[in-house]
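Numbering (my numbering), first residue to last: 22 to 617.
As structure tokens, this is what we get:
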């Protein structure tokens with residue numbers, strides 16, 4: 022048994038010797054319905070709710086994720102102040118009761134994601150109105166109370182009737198209210214459309230079909246068309262209002278099983294969402310109504326009825342030019358009777374497969390609590406191996422393909438074993454699509470940076486980065502690129518900043534001095550190194566031969582130590598320049614020559 026376990030770990034380790042991709046969608050669902058993920062209890066104070074959500078984000082960021090998909094509307098209620106629907110029961114224990122002291126959880130969540138460089142996708146359940154009509158206590162403003170004629174009943178479940186035009190308009194209005202009022206990155210629907218079938222529990226939409234048949238003869242085709250109309254309406258509305266906001270759906274993982282009558286289906290024998298819940302996900306994807314689709318492939322590799330390894334290439338082959346993310350059933354790991362889910366390599370092997378499959382851009386994990394409980398070390402495998410390097414989110418060129426301009430005037434100041442980078446913000450285009458969201462930093466030791474391997478991503482549009490733990494005697498070269506809202510990447514910064522850590526301790530520096538500039542003469546850039554025997558205010562500037570300022574490189578108080586700063590000549594004319602170091606006790610100068 023122990024040998025088998027070790028073998029599995031060894032196989033898993035080999036599987037991930039492959040480098041992680043530069044771009045990958047890495048997300049987790051945060052479910053609010055039933056207090057599954059957040060908030061963990063209906064009795065938490067607003068302060069406790071905020072602290073709990075911050076902890077969730079910190080854990081996801083530490084694991085290497087770059088997006089969260091948060092359920093903001095689960096049963097026709099809201100975790101934000103809505104003009105249409107009551108406050109969610111999961112926040113306070115009573116539907117319609119606002120958190121006290123009142124705050125806007127959705128605004129708070131978006132702000133915290135921005136601080137960490139995480140995308141925020143608002144997850145809506147479009148049709149579910151009441152999970153159990155026998156136990157629900159409904160607010161007078163709830164849609165079930167105000168519009169009982171809009172409902173379909175299946176047992177104790179109540180959903181908004183997809184066949185009614187007024188329902189489609191109402192739900193679209195709810196979604197668009199959030200799109201217009203909040204700075205979200207995406208709108209997300211899950212797999213609930215018409216109710217999943219239950220034995221002995223049918224719903225009756227005869228009257229709606231008789232009222233709005235639209236010339237469609239078959240009831241199943243009519244139901245699918247109802248959902249199609251709604252998906253298209255939401256898609257068009259988002260693109261018209263905020264074209265940068267993404268729209269994605271996470272359908273049940275089987276569209277249709279392959280058969281003589283349906284040769285386009287997958288090699289599977291499970292429930293078919295096309296006929297069971299009237300969700301034609303293949304059509305939405307193929308018609309480009311969604312920016313991404315994330316099928317819930319919650320089965321293990323080798324499952325007899327629904328094999329992950331067979332469903333994955335089926336979805337990949339659809340390839341309409343939109344994004345495909347894979348939903349992983351993390352809640353099943355070490356929690357399912359099937360022995361395959363007791364294998365610590367199950368989820369890592371699924372991720373290895375998708376990284377080897379064309380047209381797949383990432384993963385989404387269900388659910389947050391399952392991920393953070395780290396079953397069989399899955400979260401550890403993300404943090405240390407699978408997501409051990411940061412990844413840019415995949416771009417969406419059909420929305421915007423224009424990269425921002427490159428960052429300007431990159432410099433590096435070396436303080437003992439830390440390189441402090443600073444650059445200037447490029448003059449980006451005006452408008453939301455042109456905004457700089459963050460920066461990517463690349464680094465090489467004794468060479469040029471590989472733009473396929475990211476050292477770090479800034480969380481915001483800051484202009485500074487500190488690279489710590491540098492090794493003495495090594496030359497480090499840095500490049501910085503800018504990323505816009507839709508993650509288009511700029512060309513690299515117009516200069517390479519080279520910082521050399523000499524390893525001279527501050528205690529061994531006998532005098533303040535300006536060391537020889539290298540190279541000198543120089544063509545475009547050169548490195549200026551100086552030593553400080555004592556702490557104090559420092560100014561390092563470059564002047565031309567007539568004494569005119571050409572650039573200020575350092576102007577701050579610094580401790581004793583050795584520093585290197587990169588000077589980029591930019592568009593300065595050729596000629597003689599003077600590097601000048603000024604401290605409280607010294608004024609040191611050195612001639613440098615720009616000669617292209």
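C-beta atoms are modelled at their ideal positions from N, C-alpha and C, and glycine is treated no differently. These numbers come from a predicted model, not from an experiment.
Quiz item: When the Cα of residue 56 is compared with those of 592, 70 and 278, which residue comes out closest?
Solution: 70
Quiz item: Which word fits residue 485, buried or exposed, when buried means at least 16 other C-beta atoms lie within 10 angstroms of its C-beta?
Solution: exposed
Quiz item: Around the Cβ of residue 628, are there at least 16 other Cβ atoms within 10 angstroms (buried) or fewer (exposed)?
Solution: Residue 628 is absent from the structure shown; the chain starts at 22 and stops at 617.
Quiz item: When the distance is taken between beta carbons, is residue 447 closer than 8 Å to residue 511?
Solution: yes
Practice problem: State the DSSP-derived secondary structure class of residue 304, mapped to helix, strand or coil. | Solution: helix
Quiz prompt | Opposing strand residues paired with residue 445 [DSSP bridges] | solution = Paired residue(s): 429.
Exercise. Work out the CA separation of residue 315 and residue 342 for me, nearest whole Å.
Key: So the two alpha carbons sit approximately 14 Å from each other.
Quiz item: From residue 451 to residue 261, what does the alpha carbon distance come to, in whole angstroms?
Solution: 19 Å
Quiz item: Which class does residue 106 belong to by DSSP, given the choice of helix, strand or coil?
Solution: coil
Exercise. Over the uninterrupted alpha helix (DSSP H) stretch that includes residue 126, give me the two end residues.
Key: 126-137
Practice problem: Can you tell me which of 371, 336, 368 and 391 puts its alpha carbon nearest to the alpha carbon of residue 379? | Solution: Out of 371, 336, 368 and 391, 336 has the C-alpha closest to the C-alpha of residue 379.
Quiz item: Where DSSP assigns a beta bridge to residue 543, which residues make up the other side?
Solution: 615
Quiz item: How big is the Cα-Cα spacing for residue 557 and residue 580?
Solution: About 7 Å.
Quiz item: When the distance is taken between beta carbons, is residue 567 closer than 8 Å to residue 595?
Solution: no
Quiz item: Start and end of the beta strand (DSSP E) containing residue 454?
Solution: Note, residue 454: premise wrong, no beta strand (DSSP E); not H, not E.
Quiz item: If we call anything under 8 Å between Cβ atoms a contact, is residue 432 one with residue 587?
Solution: By the CB criterion at 8 Å, residue 432 and residue 587 fall inside the cutoff.
Quiz item: In chain order, what residues of the same chain lie with their CB nearer than 8 Å to the CB of residue 477, ignoring the 5 residues before and after it?
Solution: 411, 461, 462, 486 and 488
Practice problem: Can you grab the Cα-Cα spacing for the pair residue 268 / residue 158, in whole Å? | Solution: 32 Å
Quiz prompt | In chain order, each beta strand (DSSP E) run of at least 3 residues that lies wholly inside the region 569-616 | solution = 570-579, 582-589, 596-603 and 608-615
Self-check item: Euclidean distance between Cα positions of residue 169 and residue 175
Solution: As the crow flies, the alpha-carbon of residue 169 is around 14 Å from that of residue 175.
Quiz item: If we ignore side chains and look at the alpha-carbon of each, how far apart do residue 195 and residue 141 end up?
Solution: 18 Å
Self-check item: Closest residue to residue 14 among 125, 62 and 144 (Cα-Cα distance)
Solution: Lying outside 22 to 617, the shown extent of the chain, residue 14 is not represented and no answer is given.
Quiz item: Is residue 130 near residue 96, with beta carbons less than 8 Å apart?
Solution: no
Quiz item: Quick one: what's got a C-beta closer than 6 Å to residue 124's C-beta in the same chain, skipping five residues either side?
Solution: 67
Quiz item: At which residues does the alpha helix (DSSP H) containing residue 229 begin and terminate?
Solution: For residue 229, the uninterrupted alpha helix (DSSP H) segment begins and ends at 227-232.
Exercise. Give every residue of the same chain whose Cβ lies closer than 6 Å to the Cβ of residue 347, excluding the five residues on either side of it in the sequence, and list them in chain order.
Key: Around residue 347: 318, 375 and 384.
Quiz item: For the region 292-301 against the region 240-249, are there 3 or more C-beta pairs whose distance is under 8 Å?
Solution: yes
Quiz item: Under the rule that 16 or more other beta-carbon atoms within 10 Å means buried, what is residue 425, buried or exposed?
Solution: buried
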